Every structure is written in C-alpha cells, then in structure tokens.
Amino acid sequence: MPSPVLFGITVAFGLAAWGVVTWHYIWPALRDRPGPENLKPILMLHAFRFLGLAFVLPGVVSPELPAAFAQPVAYGDLMAAILALLAMATLRARSGTVLTWVFNIFGTADLIFGFYLGSRISLPDTPGLLGAGYFVLAAYVPLLFITHGLAFRILLRTKVVMPSRNNLSAA
C-alpha cells in the first residue's frame, strides 16, 4: 500500500480512537465540572506540546527532514505549550479566559499549519523523514485536535470568569 494512504489511515484511526475515548471518558468527566475547572486537564495535556521539539532533534527525525517543516512545527508547538501553561496559571481570572481562547485558537491553527507544511513537502510520500516523530503525528496530534475541539465547546458554553461582589468587598 502506498505510504500516503498508510499515513492517512494512521491519522484517521488516531482521530477515531481518540474521538471514542473523548466521547466515552473525557467529556463525561469534564462536562459537569464547574467553570474553568473543566479546562485544566486539557491545558495540562497541551503543556506537553514541547514534545514537538522532537522535530528539530537529529536522531529522533531524519537529518533530511526539511527545516521549512521542522522548525515551524517544533517552535509552534513550544509556543502552544507556553500559552497552555500561562492560561492554566491565570484560569481563575478574566485574563485566563482570554489566554485560553488565545491558546486554543493559536494551538489549533498551529496544528492545521503543520499539516499544510507537511503536504507542501509531500511528507506522506516520505514518512521515513519523521523517524520516531511519526508517532507524534499518528498518536498525539489527533488527541490534540480532539481536545482543541473540546476546549472550544467548553469555552463557548462557559461564562467569562469574574470575581464576585463578595470577593471584591472582602478585598
């Protein structure tokens, strides 16, 4: 079977498997949590996006992996991890909601851009360039896509966090 077909099947199965896990286990565990608490596990997961730096590590990926793909993917993931940590640190404040929106929009765009870059260099035709990084794309990226969708769902139904009047008068 041609490599692009195998690559597509791998990503599709990753999305399907994580979709089932999310539907049966992750969403039921999050949907009834109060306010920003339901975003914490998603932000914690995305804090591990520093793993994208593997795409600039020779020995993990092929030295022939084009820098035009590897660098934006690696550093975009690192930025998404930083934004996730900042959002988590400020989650109970209004700025935390704003930072979570920024993280989620940036993180989703970063993943889409990575797939775009991969298609520009015909990455599915030469999956050997990814080395061990193939498993990041096959197993981790589908989970990131699914949880970004989940975060959008939560953000769209959650009110912006504002301190109550009681908390303001006590201060």
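Using numbering that gives the first Met the number 0, the first residue of the sequence shown is number 0, and each one after it goes up by one.
Just so it is clear, CB atoms sit at the ideal spot from N, CA and C, and this is done for glycine as well.
Everything numeric in this text was worked out from a predicted model, so none of it was measured.
| task | Determine the extent of the alpha helix (DSSP H) in which residue 78 is found, giving its start and end residues. | result | In the sequence shown, counting from the first residue as 1, residue 78 sits at position 79. Per DSSP, residue 78 belongs to the alpha helix (DSSP H) from 66-88.
| Between the stretch 122-141 and the stretch 57-66, do at least 3 Cβ pairs fall closer than 8 Å? | Taking 8 Å as the limit for Cβ pairs, the verdict is that the stretch 57-66 does touch the stretch 122-141.
| query | Can you tell me whether residue 124 is buried or exposed, with buried defined as 16 or more other CB within 10 angstroms of its CB? | reply | Start at 1 with the first residue of the sequence shown, and residue 124 comes out as number 125. That one is exposed.
| To the nearest whole angstrom, what separates the beta carbons of residue 138 and residue 83, a pair I think is in contact under 8 Å? | Walking along the sequence shown from the start, residue 138 turns up at place 139. Walking along the sequence shown from the start, residue 83 turns up at place 84. So it is not a contact: roughly 19 Å between Cβ atoms.
| Between the beta-carbon of residue 77 and the beta-carbon of residue 98, is there less than 7 Å? | What you label residue 77 is simply residue 78 of the sequence shown in a count that begins at 1. What you label residue 98 is simply residue 99 of the sequence shown in a count that begins at 1. No, they are not a contact pair.
| query | Can you tell me the Cα-Cα spacing of residue 142 and residue 117, whole angstroms? | reply | Position 143 of the sequence shown, counting from 1, holds the residue named residue 142. Position 118 of the sequence shown, counting from 1, holds the residue named residue 117. Looking at the two C-alpha atoms, the distance is approximately 18 Å.
| query | What residues are listed by DSSP as bridge partners for residue 57? | reply | Translated into the one-based positions of the sequence shown, residue 57 becomes position 58. Paired residues: 60.
| task | Let me know if residue 33 comes out buried or exposed under the rule of 16 or more other beta-carbons within 10 Å of its beta-carbon. | result | Here residue 33 is taken as the residue at index 34 of the sequence shown, counted from 1. Of the other Cβ atoms in all chains shown, fewer than 16 fall within 10 Å of the Cβ of residue 33; this residue is therefore exposed.
| field | residue 41 beta carbon less than 7 Å from that of residue 150 | value | The sequence position of residue 150 within the sequence shown is 151, counting from 1. The sequence position of residue 41 within the sequence shown is 42, counting from 1. For residue 150 and residue 41, yes; Cβs fall inside 7 Å.
| field | Cα-Cα separation between residue 91 and residue 15, rounded to whole angstroms | value | Within the sequence shown, numbered from 1, the residue matching residue 91 stands at position 92. Within the sequence shown, numbered from 1, the residue matching residue 15 stands at position 16. Just so you know, the alpha carbons of residue 91 and residue 15 end up roughly 33 Å apart.
| task | Below 8 Å CB to CB, which residues in the same chain sit around residue 106 once its five sequence neighbours on both sides are set aside? | result | Here residue 106 refers to the residue found at position 107 when the sequence shown is read from its first residue. By the criterion of a C-beta distance shorter than 8 Å, residue 106 is surrounded in its chain by 45, 48, 79, 82, 83, 143 and 147, once the five residues flanking it on both sides are discounted.
| said: In this structure, how does DSSP classify residue 35 when only helix, strand and coil are distinguished? | reply: Within the sequence shown, numbered from 1, the residue matching residue 35 stands at position 36. Taken through DSSP and simplified to helix, strand or coil, residue 35 comes out as helix.
| query | How long is the line joining the alpha carbons of residue 54 and residue 23, rounded to whole angstroms? | reply | Here residue 54 refers to the residue found at position 55 of the sequence shown. Here residue 23 refers to the residue found at position 24 of the sequence shown. Near 32 Å, if we compare the C-alpha coordinates of residue 23 and residue 54.
| field | Whole-angstrom distance between residue 156 and residue 57, CA atom to CA atom | value | For this step, residue 57 is matched to residue 58 along the sequence shown. For this step, residue 156 is matched to residue 157 along the sequence shown. Residue 57 and residue 156: Cα-Cα distance of roughly 43 Å.
| request: Could you tell me if residue 7 is buried or exposed, where buried requires 16 or more neighbouring beta carbons within 10 angstroms of its beta carbon? | output: Stepping through the sequence shown from its first residue, residue 7 is reached at position 8. Within 10 angstroms of the beta-carbon of residue 7 lie fewer than 16 other beta-carbons, which makes it exposed.
| Taking the alpha helix (DSSP H) that residue 2 falls in, what are its first and last residues? | On the sequence shown, residue 2 is found 3 positions in, with the first residue counted as 1. Per DSSP, residue 2 belongs to the alpha helix (DSSP H) from 2-20.
| query | residue 3: which of 122, 135, 136 and 115 sits nearest, CA to CA? | reply | As a working mapping, residue 3 is identified with position 4 in the sequence shown. Comparing Cα-Cα distances from residue 3 to each of 122, 135, 136 and 115, the minimum goes to 122.
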